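Student: To convert, take the position in the sequence shown, counting from 1, and add 31; that gives my numbering.
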Amino acid sequence: MDLRLTGKRAFVSGSTQGIGFAVARALLDEGAAVVVNGRSADRADAAVRRLRDEVPGADVSAVVADFADAAQVRHLLDDLGEVDVLVNNVGVFELAPFEQITDADWQRYFEVNVMSGVRLSRHLLGGMLARGWGRVIFVSSESGVDVPADMVHYGFTKAGVIALGNGLAKLTRGTDVTVNTILGGPTFSDGVAAAVAQAADAQGTTPEELKSALAAGHRTSLLQRFIEPREIAHLAVYLASPVSSATNGAALRADGGVLTTLT
Ligand SMILES: NC(=O)c1ccc[n+]([C@@H]2O[C@H](COP(=O)([O-])OP(=O)(O)OC[C@H]3O[C@@H](n4cnc5c(N)ncnc54)[C@H](OP(=O)(O)O)[C@@H]3O)[C@@H](O)[C@H]2O)c1
């Protein structure tokens, strides 16, 4: 299927590694121009170099900004230019006992996981509507539907992202702009791989053993393995494409079947 993304310009927040990098790569594979993002020039430049190596002829550049810092986000928005496909991917996550999550943690999670998407969408959606075509995609999580007891702050922000996508879609009525949300499940991104390696070390086991044990021990996973970042990226690229024109305001799952109910 031709996903008709040649000539489209995409921005993927938080894309120097993990799911964001895989989305950038998949969009480049389909011929879109892509702007990647991370907090440091070194890591952003390294991601651009890797993408140029992996996708010959790739039209890829980087804008550095930390989404925890509103002033840096303002500079990013000034520099960004027109965007046809906005992928709100950036997100932070960490296991934490509820009683130990400080006000500062709550604020940082809200800034990075929710306000990133608010600020980018507020800046870019109007242009999409004026030009008559656009795609806004939020990368949320099954944790926004079934909030984990050991990541309440994370689940709370991911529920907020689902609500944001649902509300913004209503602003696109009668246009060829769509806003959709992906509910990802446990994915072996670079961030998760680092957390697994750290936990394995603490438990005196190997990362491979712990990875298998976590996947097999997941209470509800139908997949019984971690999702690969590219499996989330495939859904993102479909939603970015003109071929997904009848899907708007939706929250679609790429969760490996961990959510057990229909709604
Ligand atoms: N992995 C999962 O199991 C899973 C499941 C469902 C949903 N998700 C969602 O998928 C998204 C990506 O997760 P991931 O697992 O791929 O993460 P990851 O491997 O940890 O990568 C995070 C990316 O975000 C960037 N980043 C982090 N904080 C940032 C900030 N304040 N400003 C700008 N960039 C920032 C990092 O770049 P630098 O370090 O270079 O700044 C990196 O490129 C998140 O929204 C997450 O909630 C993940």
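We put the CB at the ideal spot given by N, CA and C, even for glycine. Computed from a prediction, not measured in an experiment: that's the story for all the values here.
Hey, how far is the Cα of Asp134 from the Cα of Tyr140?
Tutor: Looking up residue 134 in the sequence shown gives position 103. Looking up residue 140 in the sequence shown gives position 109. Their Cα atoms are separated by approximately 10 Å.
Student: Using three-state DSSP, classify Val227 as helix, strand or coil.
Tutor: By one-based count along the sequence shown, residue 227 stands at place 196. Looking at Val227 - three-state DSSP - the assignment turns out to be helix.
Student: Tell me the rounded alpha-carbon separation between Ala96 and Val143.
Tutor: Taking the sequence shown and counting its residues from 1, one reaches residue 96 at position 65. Taking the sequence shown and counting its residues from 1, one reaches residue 143 at position 112. Going from the Cα of Ala96 to the Cα of Val143 covers about 11 Å.
Student: In its own chain, which residues sit with a C-beta less than 6 Å from the C-beta of Asp221, not counting the 5 before and 5 after it?
Tutor: Counted from its first residue, the sequence shown places residue 221 at position 190. Closer than 6 Å at the Cβ level, and outside the excluded window around Asp221, lie Gln48, Gly49.
Student: Go to Leu160, then tell me how far its alpha helix (DSSP H) extends in each direction, as first and last residue.
Tutor: Residue 160 sits at position 129 when you count from the first residue of the sequence shown. It spans 147-162 - the alpha helix (DSSP H) in which Leu160 sits, taken as one unbroken run.
Student: Is Ile193 near ligand 1, going by C-beta to nearest heavy atom under 8 Å?
Tutor: For this step, residue 193 is matched to residue 162 along the sequence shown. Incorrect: Ile193 has no Cβ contact closer than 8 Å to ligand 1.
Student: With a CB to CB cut of under 7 Å and the five nearest residues on each side skipped, what residues in its chain are close to Leu199?
Tutor: Numbered from 1 along the sequence shown, position 168 holds the residue referred to as residue 199. Same-chain partners within the cutoff: Ser152, Leu156, Val167, Val210.
Student: Quick one: grab the DSSP three-state call for Gly215.
Tutor: Translated into positions along the sequence shown, residue 215 becomes position 184. Of the three classes helix, strand and coil, the one that applies to Gly215 here is strand, per DSSP.
Student: Can Pro238 and Ala231 be called in contact, C-beta distance under 9 Å?
Tutor: By one-based count along the sequence shown, residue 238 stands at place 207. By one-based count along the sequence shown, residue 231 stands at place 200. Going by C-beta atoms, Pro238 is nearer than 9 Å to Ala231.
Student: With a threshold of 16 other CB atoms inside 10 Å of the CB of Phe129, please say whether the residue is buried or exposed.
Tutor: What you label residue 129 is simply residue 98 of the sequence shown in a count that begins at 1. Exposed.
Student: Cutting at 6 Å between CB atoms, please list the residues of its own chain near Met319, excluding the five before and the five after it.
Tutor: There is simply no residue 319 to check, as the chain begins at 32 and stops at 294 in what is shown.
Student: Going along the chain, which residues of its own chain have a beta-carbon closer than 7 Å to the beta-carbon of Leu107, five neighbours each way excluded?
Tutor: Stepping through the sequence shown from its first residue, residue 107 is reached at position 76. Cβ within range, chain order: Val94, Ala96.
Student: Following the continuous alpha helix (DSSP H) through Ser243, name the residue where it begins and the one where it ends.
Tutor: Locating residue 243 in the sequence shown gives position 212, where the first residue counts as 1. First-last of the alpha helix (DSSP H) with Ser243: 238-247.
Student: Does the beta-carbon of Pro87 have 16 or more other beta-carbons within 10 angstroms, so that it is buried, or is it exposed?
Tutor: On the sequence shown, residue 87 is found 56 positions in, with the first residue counted as 1. It is exposed - the Cβ of Pro87 has fewer than 16 other Cβ atoms within 10 Å.
Student: Can you tell me the Cβ-Cβ gap for Thr218 and Gly196, rounded? I've got them flagged as a contact below 8 Å.
Tutor: Translated into the one-based positions of the sequence shown, residue 218 becomes position 187. Translated into the one-based positions of the sequence shown, residue 196 becomes position 165. In fact, because the Cβ distance is near 19 Å, the residues do not count as touching under 8 Å.
Student: With respect to the beta strand (DSSP E) encompassing Leu283, which residues constitute its N-terminal and C-terminal limits?
Tutor: Translated into the one-based positions of the sequence shown, residue 283 becomes position 252. Where Leu283 is concerned, the enclosing beta strand (DSSP E) stretches over 282-285.
Student: Could you spell out the range, first to last residue, of the alpha helix (DSSP H) harbouring Asn197?
Tutor: Position 166 of the sequence shown holds residue 197. That run of the alpha helix (DSSP H) goes 183-200.
Student: Can you tell me whether Ile168 sits near ligand 1, meaning its C-beta is under 8 Å from at least one heavy atom of the ligand?
Tutor: Here residue 168 is taken as the residue at index 137 of the sequence shown, counted from 1. Not under cutoff, so the answer is no.
Student: Tell me Ser92's beta-bridge partners as DSSP assigns them.
Tutor: In the sequence shown, the residue the question calls residue 92 occupies position 61. The partner list for Ser92 (beta bridge, DSSP) reads Val66.
Student: Checking 9 Å against the spacing of the C-beta atoms, do Arg40 and Ala63 come in under that value?
Tutor: The residue labelled residue 40 in the question sits at position 9 within the sequence shown. The residue labelled residue 63 in the question sits at position 32 within the sequence shown. Contact flag set, yes.
Student: Using a Cβ-Cβ cut-off of 8 Å (strictly less than) and excluding sequence neighbours within five positions of Phe169, which residues of its own chain qualify?
Tutor: Here residue 169 refers to the residue found at position 138 when the sequence shown is read from its first residue. Asn119, Gly148, Val192, Ile193, Leu195, Gly196, Val210, Asn211, Thr212, Ile213, listed in sequence order.
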